[in-house]
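Number 196 in the UniProt record's numbering belongs to position 196 of the sequence shown; there are no gaps in the numbering. No residue lacks a Cβ here, since even glycine has one placed at the ideal position from N, Cα and C. The structure appears right after this line, and notes come after that.
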Amino acid sequence: MSEQIEGRLGLALQAIAAELEAVQSWSRISRSMGQKRIVSVFGSARTQRGQPSYEMARSLGAALAERGWAAVTGGGPGIMQAVRDGNGDALSRAVRIEIAGEEPDSVLDPSRSITVSTFAIRKLLLTHDIDALFVFPGGVGTFDELFEVLVHQDTDRLGWFPVILMQPEGVRLWDAWMRFMDEHLVRPGLVNASVMSHIAIADSVEAAFAIADAASPQKVGTTDAATTSTEGAAGHTDAREALKI
């Protein structure tokens, strides 16, 4: 068993090493293509056209395009395809990984899309040097990506940016998640309240941009942040309500 795990680890490390030069080159090219800002969008690959989340994601992509903002996604179907539908090929960026059953309708050209072999590299490209993160309802992959952002920001390994939870009409996932985080993690002291200080729920594209425009680029955990780790759960709740549009 140990030999099998060691072998898989070795293969993963080799894959990361082999991709580094190509990843760095692609990142430089894609980020020099004239966009005003770069944002990332997470969400389910299983969301179908016509569903509220899909239509909201497409509207978000179109609104980003109107502002000249590039949208980076995981390049798959569902929410990722919806954002690209709205954002257009010129501004869309995709960081793909091959997953059976999750093929997009089409693939962007190589200057705008890259396929990597590990989730670690994919998440690095999706979360670093961005101006905002928009998160739609999704499954374990979406939550994995979201929690990685929170961990990296909380431990000062990732720059500060607003995390905007997109919640279309009739969907209450993020309300439930925020309650869970507050009741079961923040109040018992399992996480610092500052982890949640820059997270807000938006029930429309207009509300999402109001949050993004109001956010100031500062680090989580500094005394200038909306909530510091010493303020406790009450400070967290106030900051959440202040951010919620």
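Name, in chain order, the residues that DSSP records as bridge partners for Val-171. In the DSSP output, where bridge partners are listed per residue, Val-171 has none listed.
What ranges does the beta strand (DSSP E) occupy inside the segment 67-143, keeping only unbroken runs of at least 3 residues that lie completely in it? 69-73, 93-97, 113-116, 132-135
Look at the Cβ atom of Ile-199, then the Cβ atom of Val-151, and state whether they are nearer than 8 angstroms. no
What residues match up with Leu-166 in a beta bridge as DSSP calls it? A quick correction: the sequence has Met, not Leu, at residue 166. Note: Met-166 sits in a beta bridge opposite Ala-202.
Check whether the segment 3-23 and the segment 33-50 are in contact - that is, three or more C-beta pairs closer than 8 angstroms. no
Output the distance between the C-alpha atoms of Ser-197 and Ala-215, rounded to the nearest integer angstrom. 11 angstroms
Whole-angstrom distance between Ser-113 and Gly-75, CA atom to CA atom: 8 angstroms
Give the secondary structure of Phe-147 by DSSP, where H, G and I count as helix, E and B as strand, and everything else as coil. helix
Whole beta strand (DSSP E) elements within the segment 28-58, 3-residue minimum: 37-42
If I'm right that Met-166 touches Ala-202 with Cβ under 8 angstroms, what's the distance once you round it to whole angstroms? 6 angstroms
Figure out for me which residue from Leu-91, Asn-192, Ala-15 has the closest Cα to the Cα of Gln-153. Asn-192
Mapping DSSP to helix, strand and coil, what is Ala-210? helix
Taking three-plus beta-carbon pairs below 8 angstroms as touching, is the segment 21-36 in contact with the segment 97-107? no
Under 8 angstroms, do Arg-37 and Trp-69 count as touching if we go by C-beta distance? yes
As a quick exercise: from Ala-212, Ile-29, Ala-15, His-184, pick the residue whose alpha carbon is nearest that of Pro-110. Ile-29
Rounded to the nearest angstrom, how far is the Cβ of Val-95 from that of Val-116, given a contact under 8 angstroms? 7 angstroms
Coil, strand or helix - Gly-7 by DSSP: helix
For the putative contact between Ser-53 and Phe-136, defined by C-beta atoms under 8 angstroms, what is the C-beta separation to the nearest angstrom? 5 angstroms
DSSP three-state assignment for Ser-197, whether helix, strand or coil: coil
DSSP three-state call for Arg-187: helix, strand or coil? coil
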